[in-house]
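Engineer: Before I ask anything, here is the structure I am working with.
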Amino acid sequence: MTSAALRSRAWKLLEMVTTPLLPSDYLDLVSPLRAGADLRGRIEAVHPETPDAATIVIRPGRGWRGHTAGQYVRIGVDVDGVRLWRAYSLTSPTNRRDGRVTITVKAIPDGKVSNHLVRRAKPGTLIQLDQATGDFVLPQAKPAKVLYLTAGSGITPVMGMLRDTEFDDVVMVHCAPQPHDVIFRNELHDLAADKKLRLTEVHTATDGMLDIARLDELVPDWADRETWACGPAGLLDAAEKHWSEHGVPERLHTERFRSSIVAAGDGGEVTFSATGKRVDADGATPLLDVGEEAGVLMPSGCRMGICFGCVTPLKAGAVRDLRTGEITEAEPGVLIQTCVSAAAGPCDIER
Amino acid sequence: MTAIDPTAHLTAEQIEELGRELDAIRDEVIAGRGEKDAAYIRKVISAQRKLELVSRGVLLFSIFPPAWLIGTAGLSVAKIMDNMEIGHNILHGQWDWMRDPKIHSTTWEWDHVSPADQWKHSHNELHHTYTNVIGKDNDLGYGIMRVDEDQKWHPFHLGQPLWNFINACFFEYGIAAYDLELGKNLHKRRRKNPEFRARAKAVGRKIRKQVLKDYVIHPLLSGPSFLPTLAATFTANLVRNIWSHSVIMCGHFPEGVQVFERRSIKGETRGQWYLRQMMGSANISGSKAMHFMTGNLSHQIEHHLFPDLPSNRYAEVAVKVRALFEKYELEYVTGPLPKQVFSAWRKVFRLSLPNKKPKVKTPSREQELVAA
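Dropping the structure here:
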């Protein structure tokens with residue numbers, strides 16, 4: 000017998016010993032970060048960055064497969080006893096010696112998870128982790144010239160890039176309301192002093208929002224640069240338009256933290272047929288939220304329609320994609336992303 | 000249904016007001032649910048697992064009598080915790096709000112031969128909706144006993160003290176059979192029903208796994224302690240069964256608890272539903288440890304009013320609920336465990352015989368209450 004087969008036999012025997020629980024239920028008591036466990040992490044430190052942002056140092060479990068600069072990770076945090084999942088960009092370099100990773104979180108008004116992490120998270124707390132993911136990453140081949148265009152917490156994935164890979168010619172344009180709102184300000188200024196970065200800060204509280212046309216003046220050769228942009232939807236929409244109009248859309252890479260959501264109508268009674276729950280939903284609330292509020296255990300992912308971690312069969316009725324307004328009707332085999340779909344009339348979700 | 004309706008003094012408006020007051024208690028708990036509650040259930044689960052591990056570990060040496068005693072006691076308590084404070088309450092969805100897939104009514108499985116999903120149907124859906132309604136709530140005597148004067152007597156009932164005792168010893172099997180509606184489904188035609196067969200198969204699978212674990216694998220692991228370990232697990236299961244049977248008997252069987260007629264629940268309002276739960280349940284008084292070991296089913300009245308509120312909150316809810324009972328002049332049936340168990344058993348014995356023929360005056364329910 001091969002060793003793999005032997006191990007699987009041994010595991011089967013262990014399962015007989017622990018039924019109806021699994022051996023892992025017991026192992027989790029002593030070693031929640033071990034190899035083979037569900038991926039988790041332990042918060043080891045919380046460093047304040049600005050009055051409303053902090054960097055969280057996380058020791059990931061043994062199953063962590065590492066990340067590429069610019070990627071994000073989904074974490075599940077228990078806030079007031081309720082597990083909530085959010086995605087945050089990784090801000091640590093990929094070759095950090097101690098194997099820890101960091102995320103940097105900005106507390107947004109009414110943000111349950113962000114405020115919890117910035118103000119209340121304590122070292123020693125276990126959190127749930129997913130593997131790092133996302134395509135907002137640097138290419139294999141080094142571009143000659145780079146532009147990072149960021150605003151607010153949009154700086155976080157770019158900071159991961161800056162700390163990870165050095166380029167010869169890097170320009171950064173970063174927008175924040177005031178100087179003290181600039182996350183990583185000291186580190187950015189140190190990089191600028193070492194001539195590793197040319198930095199322009201735009202302080203929107205005094206200068207107003209960045210007019211994308213001003214790029215010609217701030218970074219005259221912007222069109223020659225490989226650009227990574229991350230920030231609010233307004234900035235990214237303007238950038239995409241600007242790059243397209245100048246015929247260089249392929250030079251622009253963007254990362255959106257939240258999908259732009261269209262106003263949707265309708266709504267209707269949603270049946271979660273596996274659990275027998277029925278609730279009324281409006282036409283603008285994602286079915287994922289509707290299910291969670293009703294106490295249905297919904298699988299979830301990025302919550303912005305990109306990871307397909309929440310797909311669920313649509314058994315009856317119709318749903319509307321909140322990003323595009325597109326209507327999907329139930330047919331055998333039709334799966335919907337519950338995080339970006341809302342009820343477009345009565346519907347039946349198999350959960 | 001009883002000769003004298005103990006709620007007759009309440010007007011329809013009062014009953015609806017009572018319902019609103021109960022809703023307010025519920026809302027308050029839901030708004031206050033949080034980190035502390037989550038920490039509580041996690042702590043209980045972790046303690047249960049550790050206790051079971053240690054007890055099973057000690058039983059590996061159960062050839063030595065002190066080890067046998069300690070291991071058996073520990074395993075009995077671990078099994079009771081698993082079924083009562085943890086299993087019963089998680090399967091009620093009391094902890095679903097945490098959104099933890101490992102502590103959720105749709106994923107939880109317990110150390111019990113009735114599969115969680117079947118139990119949830121017969122218990123959460125049928126028993127909790129039709130509490131104490133004769134003909135609808137089979138928990139009233141589990142279909143094998145007569146527990147109210149208004150149920151028809153049959154010579155079969157002569158043996159019910161014995162049936163009840165056997166049921167107590169093998170309670171988890173009784174529950175599994177009950178969840179399967181075995182009595183009804185063993186008819187020739189129903190036996191072949193594919194849905195029933197699938198459920199019976201699931202029970203069979205669960206029984207096989209549980210029996211294999213308790214009576215084969217763990218004794219084998221104990222080597223020379225094979226027989227003592229076998230006896231220990233058997234004892235632990237017996238203790239758990241008798242304990243949970245006793246606790247559950249106290250919930251609806253003691254004297255003073257009302258039963259209802261099928262037609263009385265037609266068009267029932269929320270207030271009336273609450274009132275039925277109040278009159279159809281009974282509590283057990285006692286220490287914190289007692290409440291914990293009963294899975295807080297000692298707060299049966301509160302549990303029936305709010306089956307999905309976290310069990311660790313029933314104690315504080317009970318104070319407010321009891322005040323409502325007083326305000327509306329209703330009897331809050333409660334008492335220490337021995338008294339309630341005795342009361343329930345006395346009823347089982349009494350109703351094993353046909354109703355006494357009225358002589359001159361029928362002793363009314365009210366007089367019985369006064370006497371009790």
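Here the protein sequences come in this chain order: A and B.
According to numbering that gives the first Met the number 0, the residues represented by the first sequence are 0 to 350, in order.
According to numbering that gives the first Met the number 0, the residues represented by the second sequence are 0 to 371, in order.
Ideal Cβ placement from N, Cα and C applies to all residues, glycine included.
(1) LEU125(B) and ASN131(B) look like a contact to me (Cβ under 8 Å); what is the Cβ gap, rounded to whole Å?
(2) For GLY158(B), tell me which candidate among ILE143(B), GLN150(B), VAL318(B) and ASP149(B) has the shortest Cα-Cα distance.
(3) Name the chain A residues whose beta carbon is nearer than 7 Å to that of ARG345(B)?
(4) What separation, rounded to the nearest whole angstrom, lies between the Cα atoms of ARG269(A) and THR323(A)?
(5) THR268(B): buried (16+ other C-beta within 10 angstroms of its C-beta) or exposed?
(6) Counting only C-beta atoms, is GLU291(A) closer than 9 Å to chain B at any point?
(7) Going by CA-CA distance only, name the one from ALA235(B), GLY285(B), TYR39(B) and ALA281(B) that's closest to TYR331(B).
(8) Counting only beta-carbon atoms, is GLN366(B) nearer than 9 Å to chain A?
(9) VAL170(A): which of ASP77(A), ARG224(A) and LEU209(A) sits nearest, CA to CA?
(10) Do THR226(A) and HIS252(A) count as a contact pair if the criterion is CB distance below 9 Å?
(11) Measuring only the C-alpha atoms, how far is MET277(B) from HIS87(B)?
(12) Of the residues LEU329(B), ALA343(B) and LEU336(B), which one's Cα is nearest the Cα of ASP4(B)?
(13) Go through its chain and collect everything with a Cβ distance to GLY344(A)'s Cβ below 7 Å, but skip five positions before and after it.
(14) When DSSP labels each residue in this structure, what does GLU15(B) get in the three-state scheme?
(15) Excluding sequence positions up to five away, which residues of its chain have a Cβ less than 6 Å from the Cβ of PRO223(B)?
(16) Identify the contact partners of ARG82(A) in chain B, using a Cβ-Cβ distance below 8 Å as the criterion.
(17) I'd like to know if SER7(A) contacts chain B, where contact means its C-beta is closer than 9 Å to some C-beta of that chain.
(18) Hey, quick one: how far does the beta strand (DSSP E) through TYR141(B) stretch, first residue to last?
(19) Measuring CB to CB, does SER88(A) end up less than 9 Å from GLY151(A)?
(20) Anything in chain A within Cβ reach of LEU161(B), meaning under 8 Å, just list it in chain order.
(21) Can you list, in chain order, the residues of its chain whose CB lies under 6 Å from that of GLU367(B), leaving out five sequence neighbours each side?
(22) Under 7 Å, CB to CB, which of the residues in the segment 24-41 of chain B have a partner in chain A?
(23) Write down the C-beta distance between ASN240(B) and CYS168(B) rounded to the nearest angstrom, noting that I regard them as a contact closer than 8 Å.
(24) Look up THR49(A) in the DSSP assignment and say whether it is helix, strand or coil.
(25) Can you grab the Cα-Cα spacing for the pair LYS151(B) / LEU313(A), in whole Å?
(26) Just the chain A side, please: which residues come within less than 8 Å of LYS78(B) by C-beta, in chain order?
(27) How about LEU17(B) and LEU219(B): do their beta carbons lie closer than 9 Å?
(28) Determine whether the Cβ of ALA273(A) lies closer than 9 Å to any Cβ atom of chain B.
(29) Output yes if chain B places a C-beta closer than 9 Å to the C-beta of THR17(A); else output no.
(30) Against LEU28(A), what residues of chain B qualify as contacts under a CB-to-CB distance less than 8 Å, listed in chain order?
(31) Where CYS346(A) and TYR129(B) are concerned, what is the direct C-alpha to C-alpha distance, given to the nearest angstrom?
(32) Whose CA, out of ARG255(A), ARG213(A) and SER91(A), lies closest to the CA of CYS301(A)?
(33) Roughly how far, in whole angstroms, is the beta-carbon of GLY70(B) from the beta-carbon of ASP307(B), given that I think they are within contact range, below 8 Å?
(34) So TRP272(B) is in the alpha helix (DSSP H); what residue range does that whole segment cover?
(35) DSSP three-state call for LEU128(A): helix, strand or coil?
(36) Under 9 Å, do LYS121(A) and ILE42(A) count as touching if we go by C-beta distance?
Structural biologist: Based on what the coordinates show:
(1) Contact doesn't hold; Cβ gap of about 12 Å is too wide.
(2) ILE143(B)
(3) Simply none; closest approach about 37 Å.
(4) According to the sequence shown, residue 269(A) is Val rather than Arg. Between the alpha carbons of VAL269(A) and THR323(A) lies a distance of about 21 Å.
(5) exposed
(6) yes
(7) ALA281(B)
(8) Confidence in GLN366(B) is poor, its pLDDT being 48 and thus under 50, which makes the residue's placement too unreliable to answer from.
(9) If we check each option's Cα against that of VAL170(A), ARG224(A) comes out closest.
(10) Less than 9 Å divides the Cβ of HIS252(A) from the Cβ of THR226(A).
(11) 20 Å
(12) LEU329(B)
(13) ASP265, GLY267, GLY316 and ALA317
(14) helix
(15) ILE62
(16) Those within 8 Å of ARG82(A) in chain B are MET97, ARG98 and ASP99.
(17) no
(18) Note, TYR141(B): premise wrong, no beta strand (DSSP E); not H, not E.
(19) no
(20) Chain A residues near LEU161(B): none, gap ~31 Å exceeds 8 Å.
(21) Because the pLDDT of GLU367(B) is 48, which lies under 50, any placement of that residue in the model is unreliable, and the number read from its coordinates should be weighed accordingly. So the list is empty, once near-sequence residues are dropped.
(22) ARG32, GLY33, GLU34, ASP36 and ALA37
(23) 6 Å
(24) Residue state for THR49(A) is assigned as strand, using DSSP reduced to three classes.
(25) 49 Å
(26) The premise fails here: LYS78(B) is roughly 12 Å from chain A at the closest Cβ pair, so nothing lies under 8 Å.
(27) no
(28) yes
(29) Output row for THR17(A): interface = yes.
(30) Against LEU28(A), the close residues of chain B are SER45, ARG48 and LYS49, in the order they occur along the chain (beta-carbon pairs closer than 8 Å).
(31) 29 Å
(32) ARG255(A)
(33) Not a contact, Cβ separation roughly 35 Å.
(34) 269-278
(35) strand
(36) yes
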